[in-house]
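Residue numbers (the numbering used here), protein chains in the order written: chain A, 1 to 113; chain B, 114 to 225.
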Amino acid sequence: KAGVTQTPRYLIKTRGQQVTLSCSPISGHRSVSWYQQTPGQGLQFLFEYFSETQRNKGNFPGRFSGRQFSNSRSEMNVSTLELGDSALYLCASSLVGMNTEAFFGQGTRLTVV
Amino acid sequence: EDQVTQSPEALRLQEGESSSLNCSYTVSGLRGLFWYRQDPGKGPEFLFTLYSAGEEKEKERLKATLTKKESFLHITAPKPEDSATYLCAVQSTSGGSYIPTFGRGTSLIVHP
């Protein structure tokens, strides 16, 4: 079956701009989680969506937001980009939640200049 | 606050040289401990979930074990294709959330 698809794979944005990243989960998976991965902080949880509702949220500022559509596809938005937002953004899908086996996408590499 | 410490940060092995990676954790109550493998430029790949002390799981050359304070990922007779970063994560029972806390990972290189 098809895996988790994240688009775009690479993105370069200017400080102050906003960006939207997309994640298509595995068919039938209802939970989508987003993570930020940097060399300095490692892998950090952003938020989880389940059936179009945000179910869990990590410790990130309000500039980071997301949503999930009825087909379980999810988008993540970052407004007013800062240089420190440069990272690999990963999305993971699972059948019913983060306590089950999660499948990660290849990530979106965001560079803020 | 949940904490996860992985050691060593980096490990170099010769092909066939067995070893273990360590994941020490501090949580108020463990809901689950996860092991992932991550190759450069890719997302993590799920390996195992462990739920209670004494539990063990195996997959090919990998075996994960769990105690009340740490988990080990044993690699038996590794091959160069086992080279990757291995990540450990925990979910606690506190607060009713499922937010995972990840360790910084162990970078494994297996030389032929």
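Beta carbons are placed, not taken as given, at the ideal position from N, Cα and C, and that holds for glycine.
- When DSSP states are grouped into helix, strand and coil, residue 84/A belongs to the helix group.
- The beta-carbon of residue 211/B is placed less than 8 Å from the nearest beta-carbon of chain A.
- Pairwise C-beta distances place the region 131-139 of chain B out of contact with the region 74-84 of chain A, as fewer than three of them are shorter than 8 Å.
- In its chain, beyond the 5 residues on either side, 117, 200, 201, 202 have a beta carbon closer than 8 Å to the beta carbon of residue 215/B.
- Put simply, the CB of residue 200/B is near chain A, with a gap under 8 Å to one of its CB atoms.
- In this structure, the beta-carbon distance from residue 91/A to residue 27/A does not fall below 8 Å.
- By the C-beta density criterion, residue 29/A is buried, having at least 16 other C-beta atoms within 10 angstroms.
- Between residue 48/A and residue 72/A the beta-carbon gap is near 12 Å, outside 8 Å, which marks them as no contact.
- Taking CB atoms only, residue 155/B has a neighbour in chain A less than 8 Å away.
- Beta-bridge annotation (DSSP): residue 183/B is paired with 137/B.
- For residue 172/B, the closest C-alpha among the options 115/B, 182/B, 181/B, 186/B is that of 186/B.
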